[in-house]
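Here's the structure we're looking at; comments come further down.
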Amino acid sequence: MAAGPSSLIALHWVALASLFFILVSITTFCLETHEAFNPIINRTELELVDNITVEHTYQETETAAYLTYIEGVCVVWFTFEFLMRITFCPNKFDFIRNALNIIDFVAILPFYLEVGLSGLSSKAAKDVLGFLRVVRFVRILRIFKLTRHFVGLRVLGHTLRASTNEFLLLIIFLALGVLIFATMIYYAERIGANPNDPRASDHTHFKNIPIGFWWAVVTMTTLGYGDMYPQTTSGMLVGALCALAGVLTIAMPVPVIVNNFGMYYSLAMAKQKLPKKKNRHIPRAPQPGSPNFCKSSISSQHQSPIAHDDVFEIKFQDSKLNAPARESGPASWSPLQNAQPHRGQSEEGDPATAPEQTTNRVSLCYEPWCTNHYVYDP
1 MAAGPSSLIA
11 LHWVALASLF
21 FILVSITTFC
31 LETHEAFNPI
41 INRTELELVD
51 NITVEHTYQE
61 TETAAYLTYI
71 EGVCVVWFTF
81 EFLMRITFCP
91 NKFDFIRNAL
101 NIIDFVAILP
111 FYLEVGLSGL
121 SSKAAKDVLG
131 FLRVVRFVRI
141 LRIFKLTRHF
151 VGLRVLGHTL
161 RASTNEFLLL
171 IIFLALGVLI
181 FATMIYYAER
191 IGANPNDPRA
201 SDHTHFKNIP
211 IGFWWAVVTM
221 TTLGYGDMYP
231 QTTSGMLVGA
241 LCALAGVLTI
251 AMPVPVIVNN
261 FGMYYSLAMA
271 KQKLPKKKNR
281 HIPRAPQPGS
291 PNFCKSSISS
301 QHQSPIAHDD
311 VFEIKFQDSK
321 LNAPARESGP
331 ASWSPLQNAQ
341 PHRGQSEEGD
351 PATAPEQTTN
361 RVSLCYEPWC
371 TNHYVYDP
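Under full-length UniProt numbering, the residue at position 21 of the sequence shown is numbered 21, and the numbers go up by one with no gaps.
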């Protein structure tokens with residue numbers, strides 16, 4: 001796309017429209033689950049049993065029609081945006097592999113399938129329709145599209161990717177702690193149990209070790225729902241150790257993750273403060289063989305231009321060689337007098353001066369795309 005002022009303004013409005021429809025779609029998705037927007041209606045279904053028509057009445061919930069229309073408008077916008085991006089994307093394979101684009105497609109598809117199957121009355125169509133209503137929860141994944149518009153969310157994504165090793169280390173530490181403390185609380189709660197109660201179901205919540213996994217996770221993360229708690233002295237001691245171990249385990253990798261976030265956030269803020277580059281029209285360089293092409297008299301092995309410093313040295317040497325001519329008369333000296341033809345061309349003049357002229361061949365280039373006016377030909 002063009003990068004002119006009008007195009008930038010258009011892109012700005014498109015981004016605002018996309019942000020608006022994302023927020024409206026998420027709000028609609030949440031309101032559809034509220035009782036005020038999801039009333040209960042009575043439906044009647046006729047069924048033929050032994051040549052007798054039997055009427056069945058049942059109740060089901062139905063979303064308010066205007067919420068469905070609002071969601072339809074949002075889906076139309078997302079479809080238009082998706083088609084435009086995939087049409088003008090130069091690399092279709094990278095577009096398909098992008099996670100955000102996959103989320104867009106998965107969030108759009110169920111709506112069209114639901115609309116197409118809503119008019120069918122077969123049992124299979126109803127089953128598929130019920131499944132699609134459950135799959136509609138993927139619409140909440142559109143919240144990740146906000147990363148295109150907010151720098152902070154992109155910084156968070158870069159931080160999570162850069163902190164993969166730290167998260168893996170945290171998960172390993174928590175898994176070891178959960179296994180150890182779930183086993184310890186199970187046996188600690190069974191100490192002093194009633195001999196007539198071999199399962200210890202009267203005085204403890206920890207009937208087995210897998211149940212202790214939930215308690216260990218809640219305790220190590222310092223959440224503490226309170227649905228399961230130790231009731232014996234030994235169990236309370238294990239619970240205290242589990243809470244302390246959880247605090248230390250979580251505190252170790254967190255500073256590294258925070259440092260990564262601070263680094264990426266600082267880079268993002270510094271990039272935003274950089275002055276914006278103004279796009280300027282740069283004329284295309286003439287191609288070889290064109291009339292305006294600047295032909296230098298370079299004939300080295302790799303046909304590469306000489307360095308800028310060498311050009312100034314050549315200018316200095318050339319001025320020294322032509323010093324007598326300038327002293328004899330300013331009008332009789334011109335830079336064009338030192339311009340020699342290319343190698344292989346005939347040279348007129350005194351043959352005795354030919355070797356000296358060959359060692360100082362300089363051609364003039366006055367084309368606008370040439371950065372140096374003097375080009376040396378060794």
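Don't be surprised by glycine CBs; every beta carbon is placed ideally from N, CA and C.
Could you tell me the alpha carbon to alpha carbon distance between residue i and residue j, rounded to whole angstroms?
i           : j           : result
residue 269 : residue 144 : 21 Å
residue 52  : residue 211 : 53 Å
residue 97  : residue 89  : 13 Å
residue 351 : residue 275 : Confidence in residue 351 is poor, its pLDDT being 45 and thus under 50, which makes the residue's placement unreliable; the coordinate value appears in the next sentence. Approximately 60 Å, taken between the alpha carbons.
residue 243 : residue 166 : 21 Å
residue 112 : residue 94  : 25 Å
residue 33  : residue 71  : 14 Å
residue 186 : residue 206 : 6 Å
residue 114 : residue 82  : 19 Å
residue 238 : residue 188 : 8 Å
residue 224 : residue 84  : 49 Å
residue 44  : residue 68  : 23 Å
residue 110 : residue 104 : 11 Å
residue 299 : residue 153 : Bear in mind that the predicted position of residue 299 carries a pLDDT of just 44, short of 50, making it too unreliable to give a figure here.
residue 190 : residue 240 : 17 Å
residue 305 : residue 260 : For residue 305, the predicted structure reports a pLDDT of 46, less than 50, and the residue's modelled location is therefore unreliable. A value from the coordinates is still provided. If you take the alpha carbons of residue 305 and residue 260, they lie about 45 Å apart.
residue 204 : residue 229 : 8 Å
residue 222 : residue 9   : 49 Å
residue 247 : residue 171 : 14 Å
residue 13  : residue 131 : 36 Å
residue 226 : residue 264 : 39 Å
residue 179 : residue 254 : 22 Å
residue 50  : residue 99  : 54 Å
residue 35  : residue 57  : 21 Å
residue 7   : residue 92  : 23 Å
residue 20  : residue 27  : 11 Å
If we call anything under 7 Å between Cβ atoms a contact, is residue i one with residue j?
i           : j           : result
residue 142 : residue 18  : no
residue 381 : residue 15  : Since the displayed the chain opens at 1 and closes at 378, residue 381 lies outside it and no answer follows.
residue 135 : residue 117 : no
residue 59  : residue 40  : yes
residue 37  : residue 64  : yes
residue 209 : residue 183 : yes
residue 177 : residue 220 : yes
residue 76  : residue 108 : no
Of all the options the options, which has the alpha carbon lying nearest to the alpha carbon of residue i?
i           : options               : result
residue 218 : 203, 245 and 208      : 245
residue 147 : 175, 182, 117 and 101 : 101
residue 272 : 71, 189 and 155       : 155
residue 252 : 263, 203, 169 and 216 : 169
residue 73  : 23, 43 and 160        : 23
residue 234 : 181, 173, 130 and 265 : 181
residue 42  : 35, 31, 8 and 62      : 62
residue 213 : 248, 175 and 255      : 175
residue 137 : 227, 31 and 79        : 31
residue 266 : 215, 151, 161 and 247 : 151
residue 79  : 91, 106, 57 and 92    : 106
residue 216 : 173, 263 and 99       : 173
residue 262 : 11, 226 and 160       : 160
Give me the Cβ distance between residue i and residue j, rounded to the nearest whole Å; I'm assuming they're in contact under 8 Å.
i           : j           : result
residue 133 : residue 29  : Actually they are not in contact, since the Cβ atoms of residue 133 and residue 29 sit about 12 Å apart, beyond 8 Å.
residue 163 : residue 257 : 5 Å
residue 46  : residue 55  : 6 Å
Say the cut is 6 Å; is the CB of residue i nearer than that to a heavy atom of the ligand COA?
i           : result
residue 204 : The ligand COA is absent from the structure shown, which contains no ligands of any kind.
At which residue ranges does the segment 140-167 contain complete alpha helix (DSSP H) runs of 4 or more residues, listed in the order of the chain? 151-162
My parser needs the alpha helix (DSSP H) runs of 4 or more residues fully inside the segment 221-263; what are they? 233-251
Threshold first: 3 residues or longer. Then list the beta strand (DSSP E) segments lying entirely within the segment 12-83, N to C. DSSP runs (the beta strand (DSSP E)) wholly in the segment 12-83: 40-49 and 52-61.
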